[in-house]
Structure formats: C-alpha cells, structure tokens
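Participant: If you scroll down you'll find the structure; I have some questions about it.
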Amino acid sequence: MPIFFILSGSPLCYNTRMLIAPSMLACDFSQIGYEANRAINAGADWLHLDVMDGSFVDNISFGPDICGVIRKAAPAGAFLDAHLMIDEPLHYLPRFLKAGMDMISVHVEREGAVDLHATLAAIREGGAQAALALNPATPVERLLPYLSELDMILVMSVVPGFGGQSFMHDMLNKVRFLDEQRKQHGYKFIIQMDGGIGTPQAPLCREAGADCLVAGSSTFCAPDMAAAIASMK
Ligand code: DX5
Ligand code: ZN
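If you want it as structure tokens, here you go:
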C-alpha cells in the first residue's frame, strides 16, 4: 500500500501531514516578535493572525500594522495566515497584502454586504492565497458557490472573538461534508479548523478531513510549546 494512504485518508493533492498554526492571539503581546520566533522554533508550520474589528466580533485585537510587525520579526519565509474577523475585508485588503500575508481568510457571513467573489479574486491578484471562513451558526452550504475559488476553508469550532473556548464537536460534520465535496469534484482547497483545539481534539479533526489546525491556548500557554505541537501532529 502506498505510504500516503497509510498516513492520510486524503489524496495526494491535499497535505498529507497535519499543519499546526499557533494563534498569535494567545501570545504575550508585549514581546510579539519574540513570540513569533518561539512558535516557529517550536515546530509551528504557520502563524495564525486573528484580526478583530470590534464589530464583526465582540473583541478588538490588532490590524495590518501589527501584522507587518510580525512579518518583519518572524523568521524569513514564515507562512502568515491572516484570519480577518472584520466587516469590511475588501476595503482593508490592500493593507494586509502590503503587510505580507501569505493566506487571507474572510468570513462568508459578510456575503451580500461585501462582494466575496471580488474579494477572493483580489486576494489572489495580490499574491496571497484566498480562504473563506465559516462561523459555527452558519450552514456549510453557504460555501457552495465559492468552492472552486478557494485555496482554503476555515471552519470555526468556537464562536469567534476569544481564545480559550471549548471545541464544538458538531463542527466536525462540516469538515466531513467539505472533504466529501473535494473528493467528489476535485476541488483543491485545504480545510482548517480553528478554536478549542489541543491534543485530544487533533485526531478527531484529522479523521474528519482537516489538514490544518489553529491552536492558541494549547500552544502558547503550554509549559513546553514544542511538545504541545509535536503531540498534536
Ligand atoms: C477565535 C480565533 C481563534 C482562537 C483560537 O476568534 O479565531 O483563532 O484564537 O484560540 P484557542 O486555540 O485558544 O481556541
Ligand atoms: Zn482564527
């Protein structure tokens, strides 16, 4: 049996290993550059940057300037994954592109108020990869018109706004549905889960079809970050 079938239920066009993306929301903001390096040195594949505007979610975190600070401070080539929990992603997009983000996720709940097809196209034209994110209360079918335009789908497994919440197991069904969709139709997107994820949840996410796990509290707040990341992988 080929090795990739043993390692993963997904075909080779998806990642055959689990990517771990520590969320900078859980880091020590007073030394954010050091923290970015600490995560990469501990084995993080990506850094996840949670951008909140105090309107789309009930919290304010940081914006494109701090994303640019992380870009400059992080090791060269670090993959920066910006999760925009903001009302106006298209308006602010040029600033996040200029800050050097590699992946940019915008929320499908802004459909109607924001032209999401244009936003996804602009992300790609700006040289980044494009993703749509989905809140727990949003039906997964809302993503169907966009599947061929996506490099990634972000499935929220907590209500966005705050770190340290409990994982919502029902969200695994959305991942299973999306994994089926890409198997049936040959879509290339990877699937990321975000919220309440640590070592106990990682195998559940993987079995459902997730390729990338965002983990804030369980990585930055762990006594040994490298061990926490290795254990999730
Ligand atoms: C929530 C954010 C998540 C969160 C993850 O709005 O999108 O990325 O910070 O943190 P933990 O892993 O602590 O749930
Ligand atoms: Zn996030």
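Position 80 (the sequence shown) corresponds to 115 in my numbering; numbering is contiguous.
C-beta: ideal position from N, C-alpha, C; glycine also.
Quick one: is the Cβ of Val104 within less than 6 angstroms of any heavy atom of the ligand DX5?
Facilitator: Stepping through the sequence shown from its first residue, residue 104 is reached at position 69. Val104: no, Cβ never under 6 angstroms from the ligand DX5.
Participant: Does DSSP put Pro6 in a helix, in a strand, or in coil?
Facilitator: Because the chain here runs from 36 to 268, residue 6 falls outside it and cannot be looked at.
Participant: May I ask you to verify whether the region 128 to 140 touches the region 190 to 210, counting CB pairs closer than 8 angstroms and requiring at least 3?
Facilitator: Contact between the region 128 to 140 and the region 190 to 210 is absent, because fewer than three Cβ pairs lie under 8 angstroms.
Participant: Between Pro195 and the ligand DX5, is the CB less than 6 angstroms from at least one heavy atom?
Facilitator: Numbered from 1 along the sequence shown, position 160 holds the residue referred to as residue 195. True, at least one ligand heavy atom lies under 6 angstroms from that Cβ.
Participant: Determine, using beta carbons only, whether Leu182 and Leu167 come nearer to each other than 7 angstroms.
Facilitator: Within the sequence shown, the letter at position 147 stands for residue 182. Within the sequence shown, the letter at position 132 stands for residue 167. No, these two residues do not count as a Cβ contact at 7 angstroms.
Participant: Whose C-beta lies closer than 7 angstroms to the C-beta of Asn94 among residues of the same chain, with five residues either side of it excluded?
Facilitator: Looking up residue 94 in the sequence shown gives position 59. Within the same chain, Asn94 has close Cβ partners Met87, Gly196, Phe197.
Participant: Would DSSP call Ser45 helix, strand or coil?
Facilitator: Sequence index remark: in the sequence shown, residue 45 carries index 10 (1-based). Because Ser45 sits at a pLDDT of 36, beneath the cut-off of 50, its placement in the model cannot be relied upon, and the point is left open.
Participant: Can you check DSSP and say which residues form a bridge with Pro57?
Facilitator: Along the sequence shown, read from residue 1 onward, the residue named residue 57 stands at position 22. In the DSSP output, where bridge partners are listed per residue, Pro57 has Ala250.
Participant: For Ser58, collect the residues of the same chain with a Cβ closer than 6 angstroms to its Cβ; drop the 5 residues on either side in sequence, then sort them by chain order.
Facilitator: For the purposes of this step, residue 58 is taken as the residue at position 23 of the sequence shown. Once the five neighbours on either side are set aside, the close Cβ partners of Ser58 are His83, Asp85, Val249, Gly251.
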